[in-house]
Each structure stands twice: as structure tokens, then as C-alpha cells.
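Mapping of the sequence shown onto the numbering used here: position 50 corresponds to residue 35, and the numbering continues sequentially without gaps.
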Amino acid sequence: MRKNRLRLVGVLAAVLVAVTAPAVQAKDEPPTLAELAQRHGRYFGSATDNPELTDAPYVSLLGSEFDQITPGNGMKWYATEPQQGVFDFSAGDEVVNLARANHQKVRGHTLVWHSQLPDWLTGREWKPRELRAVLKKHIQTEVRHYRGKVFAWDVVNEAFNEDGTYRETIFYKTLGPGYIADALRWAHQADPRVKLYLNDYNIEAIGPKSDAYYKLAKKLKAQGVPLHGIGLQAHLALQYGYPTTLEDNLRRFSRLGLDTALTEVDIRMYLPADEEKLATQAEWYRDVTKACLAVRRCVGITLWDYTDKYSWIPAFFEGEGAALPWDEELRPKPAYYAIRDALK
Ligand code: XIL
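Here you go:
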């Protein structure tokens, strides 16, 4: 009897070891940024773009290190409605399908923006009534297409100037400032569950531009307009200094009952990079991550791609680059270790 029981215990122990062994092995690998962020109830994501998806080592890291992705271009107006009323979701779908395969969530980017618009839209004059119809149809067709597949939308992107006045876009000039509330309402009709954001750059610190968002958000909330979050792009640059009021800024939006997210993080520098600049960059990545973790409603962080190999910076800012936590050979930089540190 006792012998049998002992044997049973032995067998059970062996089974236990067999079952837990892979988990123990997995623990030897460092946890991913996504796993670390999840412990705080946050996501850690990266943008990506269709041409890069043929790069197998790149795709592998994209699939393992992150739990959220944003299509860098594939959901923009020029890509999704290249001719009026003719929709093409193939680029965005490719990213969504990849995300699904890797159990990642997707931020939709972006419905209403003055940049990367199709020629048929920018190449003529519109009567307000016509443009309203075009805008509504674009928003609702795209939001409906991605219903249940994206958890958030950047509904309006970059609506304000640096001084906090409205940017004079085709939408503002033709429809007036009310186009923002309309866009939010139309998106909400098309998918009542998806989180709706306004998104912009240079709104990390408290200042005229982020004040404009604060005032607008407060007004929209008071009017019952469906707005759920503010996206801070966080395209930072070493030469402009660190936005020290970031955490306070995130907190004031939380107090309005809004989520916040760091949606397009990169930290550029003048090239060539050197050890000192990369160390400062790492500190900034650490501080940005900590700021988000410190504010309960900051829901997650997205890098604007994760490797210098595919960063948009060199093509848009002459002489600048090295903005991301992985270098051009997909090797982690000091910034990567600093983010991990902040997430621990
Ligand atoms: C950038 C893309 O990364 C580039 O590939 C493209 O050529 C231009 O747009 N703010 C945004 C993003 O909201 O959509 C921009 O993405 C970067 C700045």
C-alpha cells in the first residue's frame, strides 16, 4: 500500500517535471517588451509597413517582441480610396492578418488627415455639402471594414498648428472646425465599440498645442461627442530637449476621462550617432516609458517601427536618424535595454 502510494507520488512528480520543463526553459529567454508591458496592463507595439514584410528576420522580431501593431501607411486615405468610391483595403488587411497570426492588437491609422490624400480629393474644389458626403463615406466604409479588427482609430490626425490654432486643411477650410466632431460621430456609428482618438505630434509637453487638444477634448466630452483618447505621437528629437511635463500632461487628459497612448514614438538625433547620444536617447526612452506607466489611463506605447533599418526619419529630416531601439542590423541598442529596465 505505502509502496504503491510512493510510486504514485514518483510518477506524479515525473509528470509535473515533464509538464513544467518547457516553461522553465522559456524563462531563460528574456521576457519580451510585450510581456513586460502586460504585467502593467499596457501593450507595447510597433508600426510596420507592407514593403518590409518580405524581410523574414524583421517579421520574426515584429511578431515576437510586440503585442500591438499599427500600419504605417496601409490604412491612409491614398491607399484605401485611391479613386473616389473605389476602396482598396489590401495593404491594411495584410497587416491585420499578420497581427492576427501573432495575436497582436491593431491601432487603425488614420481616417482624416491633410497628408497622403489621393489626388482626386486634393485636385479640385469641393462644396461643403459634397465634401461632407465624401468624408462620411470614407470614414464609415473604412471603419466598417475593420470593425472588430482594430481596437482603436486615429480618427483625426494632426488637426492643430503649433500655436494651438486649427490647421487650415481642406477639411477645416471647407467644413469648419465641426468636421472633427462629425468625424468622431460617423466613426462611432460605424463601429460603436472601437476607441476613437485624436492624434498629433508635439503635444507631449504642456503648451499651446496640447492645450488646444485639452480644450477641444473637454468641449467634445461635454457635448457627448464620442471621443475616447488622445494619441501623443512622440516623435522626439535630442536637439529639442526632453518634454519634462509629459507625465502631467498625460494625467490632465486622464482627468477628463480619456485614455492616452504614445502612438508613434521615435527619438531622433543628428548623425552620426555616438555613444553619448545613444546613452541620452536610452534615458529618454526610459523616461517616456515610465511616464506612461505612471498614469493609469496611458494604455500603451507604440514605436514608429522598431529598427533603424525601416525608420521614416532619414527620408524626412535631413541628416537625422538612429531614432529607434534596434539598429539597422536588428541589434538591440542601449534604448532597448532602457525600455526593459523601465518596464521591470
Ligand atoms: C509616415 C510614414 O512612416 C512614412 O512611410 C510616410 O512616407 C509618411 O508618413 N505622423 C504620422 C504618420 O501620423 O502617419 C507618419 O508616417 C509620420 C508622422
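The beta-carbon is built from N, C-alpha and C at its ideal position, and this holds for glycine as well.
Note that the structure is a prediction, hence the values are computed from the model and not measured.
Worksheet entry | Nonlocal neighbours in the same chain, by C-beta distance under 6 Å from Leu231, ignoring five residues either side | Taking the sequence shown and counting its residues from 1, the one referred to as residue 231 is at position 246. So the qualifying residues of the chain are Glu189 and Ala276.
Worksheet item: Going by other Cβ atoms of all chains shown within 10 Å of its Cβ, with 16 needed for buried, is Ser45 buried or exposed?
Response: Taking the sequence shown and counting its residues from 1, the one referred to as residue 45 is at position 60. Around the beta carbon of Ser45, a 10 Å sphere encloses fewer than 16 other beta carbons of the protein chains shown; the residue is thus reported as exposed.
Worksheet entry | Contacting residues, own chain, Cβ-Cβ under 7 Å from Thr65 (five flanking each side not counted) | Counted from its first residue, the sequence shown places residue 65 at position 80. Excluding sequence neighbours, Thr65 sits near Phe72, Asp73, Phe74, Gly77 and Glu127.
Fill in: Buried or exposed by the 16-neighbour rule on C-beta atoms within 10 Å, applied to Ser31
Taking the first residue of the sequence shown as 1, we reach residue 31 at position 46. Ser31 counts as buried, since no fewer than 16 other beta carbons sit within 10 angstroms of its beta carbon.
Practice prompt. Give the DSSP-derived three-state secondary structure of Ser45 in the structure shown.
Written response: Here residue 45 refers to the residue found at position 60 when the sequence shown is read from its first residue. DSSP places Ser45 in helix when its eight states are reduced to three.
Discussion item. In the DSSP output, which residue or residues are listed as bridge partners for Thr65?
Written reply: In the sequence shown, the residue the question calls residue 65 occupies position 80. As computed with DSSP, Thr65 is found in no beta bridge at all.
Item to complete: Determine the closest residue to Ala219 out of Arg325, Asp272 and Arg114, with distance taken between C-alpha atoms.
Response: Residue numbering aside, residue 219 sits at position 234 when the sequence shown is read from its first letter. For the residues Arg325, Asp272 and Arg114, the minimum Cα distance to Ala219 belongs to Asp272.
Worksheet item: At a cut of 8 Å, does the segment 153 to 163 reach the segment 178 to 192 through at least three beta carbon pairs?
Response: No contact exists between the segment 153 to 163 and the segment 178 to 192.
Item to complete: Just confirm the distance between the C-beta atoms of Gln53 and Arg92, as a whole number of angstroms; I'd bet it's less than 8 Å.
Response: In the sequence shown, the residue the question calls residue 53 occupies position 68. In the sequence shown, the residue the question calls residue 92 occupies position 107. The Cβ separation is near 7 Å, so the contact holds.
Worksheet item: Are Gly163 and Asn184 touching if we call contact CB-CB under 8 Å?
Response: Walking along the sequence shown from the start, residue 163 turns up at place 178. Walking along the sequence shown from the start, residue 184 turns up at place 199. Contact flag unset, no.
Worksheet item: Does the ligand XIL have even one heavy atom less than 7 Å from the beta-carbon of Tyr186?
Response: If you number the sequence shown from 1, residue 186 lands on position 201. For Tyr186, the Cβ falls inside the 7 Å cut-off from some heavy atom of the ligand XIL.
Discussion item. Less than 8 Å between CB atoms is the rule here; does Tyr270 satisfy it with respect to chain C?
Written reply: In the displayed structure, chain C is absent; only one protein chain is listed.
Worksheet item: DSSP on Arg117, reduced to helix/strand/coil?
Response: Translated into positions along the sequence shown, residue 117 becomes position 132. Three-state DSSP puts Arg117 in a helix.
Worksheet item: Regarding Asp104 and the ligand XIL, is the C-beta to nearest heavy atom distance less than 7 Å?
Response: Your numbering for residue 104 matches position 119 in the sequence shown. Remark: the shortest separation between the CB of Asp104 and any heavy atom of the ligand XIL does not fall under 7 Å.
Practice prompt. Assuming Ile298 contacts Arg253 (C-beta within less than 8 Å), just tell me the rounded distance between them.
Written response: What you label residue 298 is simply residue 313 of the sequence shown in a count that begins at 1. What you label residue 253 is simply residue 268 of the sequence shown in a count that begins at 1. The pair is a contact, with the Cβ atoms about 5 Å apart (cut-off 8 Å).
Item to complete: Compute the Euclidean distance between the alpha carbons of Leu328 and His94, then round it to the nearest angstrom.
Response: Taking the sequence shown and counting its residues from 1, one reaches residue 328 at position 343. Taking the sequence shown and counting its residues from 1, one reaches residue 94 at position 109. One C-alpha to the other measures close to 26 Å.
Fill in: Assigned exposure category for Gln266 - 16 Cβ within 10 Å defines buried
One-based indexing of the sequence shown puts residue 266 at position 281. The residue is buried, with at least 16 neighbouring Cβ atoms inside 10 Å.
Worksheet item: For Ala202, which option in Asp244, Ala222 and Asp233 has the closest C-alpha, if you only look at C-alpha atoms?
Response: In the sequence shown, counting from the first residue as 1, residue 202 sits at position 217. Here the closest residue by C-alpha is Asp244.
Fill in: Gly57: CB within 7 Å of a non-hydrogen atom of the ligand XIL
Taking the sequence shown and counting its residues from 1, the one referred to as residue 57 is at position 72. Under cutoff, so the answer is yes.
Worksheet item: In terms of residue numbering, what span does the alpha helix (DSSP H) encompassing Gly93 cover?
Response: Position 108 of the sequence shown, counting from 1, holds the residue named residue 93. Residue range Lys90 to Val97 is occupied by the beta strand (DSSP E) that includes Gly93, with no alpha helix (DSSP H) assigned at that position.
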